[in-house]
């Protein structure tokens, strides 16, 4: 068996993985050299090249991976995946690779290169329509030409392209829903609800595909030009996308959709009909991004038994226990974690171990540490703003010294107002 991944959540045989999957940086300079970003495909290919069979244990229960909470976080992940798949294509001709894994490298890179190809197809189609709408047709191209040269239309090619595209897009969905119907749709909400879920999923796919196309096009171009795409939005956990961020990220797409739609409506309404799924998806992109990010909408559809999966119909014990422990942790949340990290020995040990700063010993640094400790001991807690607290929490030496001074101080101390 030659799957595309060597065990993302678990590696059953550790020894082959250790022996054959030490990933060296790709040689050379430029954007496609350095550490391999999308490692799963490469690890599976290397183990298969060494003679091992690699399987996806699809029937093992209890393995979960949470998706990004919203479209923008998904696109942040896609930026790295795009770079990783383009880098992996350098391994396409490496000696000893199995043909299946060569095909995986090819499909991986095409999953992102298809975006600029699709965009160029739409741009050229629009440009051709503009030329036809704004110029008079010329049937006699040569002087003293006896017979006109009539334009040739090949509608059968357009129909074939459209039909093949529909088959590629919707046949997997159709086969999936047929499989659910045959095996039993109760755990998916029932026959009617799972069918309605499929139709709604198709609608969202239509709305999101043009948005992903433009982002992926930018990712591919930036990768080839060596540009670095920086995303400043923080990592969120089930937080909805703010309207301001949605319009900032999707505003240019919305403007492109509006200009595209108005221009085609002025030139030829018939062509706008074919472009409608593209341009109106771009116009609605900020709204779709916000609506699809809200956890309340997901909980509402769950109550309606839409988009239901078996793990939501019969919740596994591991997920039920996780939810109960998370609820317990929320009930026991600390009112002031910084004070606990300073005073409580157990919390101080944990905070010190998790501190991020690692500095070399120097006389200047030691003076700065002593100054931070003295300021913390002499100031009232309310004077320790967020930045000063982060300085103390990020340096394990400073935090441990502060903890020691607090406990070693005779009598009461001014720190924390005691």
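Numbering (our numbering), first residue to last: 311 to 728. A virtual CB, placed ideally from N, CA and C, is assigned to each residue, including glycine.
Residue range of the alpha helix (DSSP H) that residue i falls in?
i	result
residue 563	553-577
residue 473	465-493
residue 621	620-623
residue 677	673-688
residue 631	627-641
residue 608	605-613
residue 550	No alpha helix (DSSP H) holds residue 550; DSSP gives it neither H nor E.
residue 666	Neither: residue 666 is in no alpha helix (DSSP H) and is coded neither H nor E.
residue 445	From DSSP, residue 445 is part of no alpha helix (DSSP H); its letter is neither H nor E.
residue 648	647-653
residue 717	706-718
residue 496	Neither: residue 496 is in no alpha helix (DSSP H) and is coded neither H nor E.
residue 325	324-330
With residue i and residue j assumed to form a contact (beta carbons below 8 Å), what rounded beta-carbon distance in angstroms separates them?
i	j	result
residue 516	residue 591	7 Å
residue 550	residue 603	5 Å
residue 701	residue 682	6 Å
residue 559	residue 382	6 Å
residue 429	residue 523	6 Å
residue 407	residue 464	That pair is no contact at about 40 Å.
residue 356	residue 400	Between residue 400 and residue 356 the Cβ distance is about 14 Å, and since that is not below 8 Å, they are no contact.
According to DSSP, is residue i helix, strand or coil?
i	result
residue 361	coil
residue 408	coil
residue 392	helix
residue 512	helix
residue 383	helix
residue 366	coil
residue 596	helix
residue 376	coil
residue 418	helix
residue 437	helix
residue 727	Residue placement at residue 727 is flagged as unreliable, the pLDDT there being 42, under the threshold of 50; the coordinate-derived value follows with that caveat. Reduced to three states, the DSSP call for residue 727 is helix.
residue 700	helix
residue 542	Because residue 542 sits at a pLDDT of 47, beneath the cut-off of 50, its placement in the model cannot be relied upon, and the following sentence gives the value as read from the coordinates. Note: residue 542 maps to coil in three-state DSSP.
residue 403	coil
Once you ignore the five residues that flank residue i on each side, which residues in its own chain have a CB closer than 7 Å to its CB?
i	result
residue 674	none
residue 317	Summary for residue 317: the model assigns pLDDT 49, below 50, so the residue's position carries little reliability; its value from the coordinates is reported in the next sentence. Cβ neighbours of residue 317 beyond the five flanking positions: none.
residue 527	425, 426, 429
residue 657	650, 651
In the DSSP output, what is residue i paired with across the bridge?
i	result
residue 336	344
Residues in the same chain with beta-carbon distance under 8 Å from residue i, minus the five sequence neighbours each way, listed in chain order, please.
i	result
residue 457	none
residue 703	648, 651, 661, 665, 709
residue 501	491, 495
For residue i, which residues in the same chain have their Cβ closer than 6 Å to its Cβ, ignoring the five residues on either side in sequence?
i	result
residue 402	412, 415
residue 567	589, 592, 593
residue 569	none
Answer yes or no: does any C-beta atom of chain D fall closer than 9 Å to that of residue i?
i	result
residue 480	Absent from the structure is chain D; it holds one protein chain and no more.
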